[in-house]
Amino acid sequence: MIRRLLVVSVFVFTTLAAPQEVKHAPTLQSCTADLNLWRSREESKSLTVLEMSVRIRSMMDCTAAYQGLANSAPGGELPPAWYLKITYEEEIEDRLFNFVKRHGLSKQFAQEDESGKR
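Take a look at the structure:
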């Protein structure tokens, strides 16, 4: 139940961070540079949820524009863009779950879910 809330919340954050109008696709060079820079650091703990959401949206724009960025690596490993996306989404989920716990909302969430409020 909480997992579903977290996934929906990640979607909402990602949607909020998305620009309203995309005038053109990002360049392959900018996509590659961003991907290399962002994955070379273990900084997700220091980024805000909005910053991670913007990066997720950017990587998804890149994979939509350049299918090669979405292809699996040899050996079936996740493509770096998808791995980065998952890393940021998991960090956002952890923070949201901690927020719910910190504010004592777990019981209220479970009760409302049981009563059909979804």
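Under the numbering used here, the first residue of the sequence shown is numbered 311, with each subsequent residue one higher. For each residue, glycine too, the CB sits at the ideal point set by N, CA and C. All figures in this text were calculated on a predicted structure; none of them were measured in a lab.
Helix, strand or coil for residue i per DSSP?
i: T358; result: coil
i: P390; result: helix
i: E403; result: helix
i: K427; result: coil
i: G378; result: helix
i: E422; result: helix
Go through its chain and collect everything with a Cβ distance to residue i's Cβ below 7 Å, but skip five positions before and after it.
i: N381; result: P389
i: S416; result: V410
Under DSSP, the alpha helix (DSSP H) around residue i begins and ends at which residues?
i: N346; result: L338 to R349
Near residue i, which residues of its chain fall below 8 Å by C-beta distance, leaving aside the five closest residues on each side in sequence?
i: I396; result: L388
Just mark residue i as buried or exposed, buried being the case when its beta carbon has 16 or more other beta carbons within 10 Å.
i: T337; result: exposed
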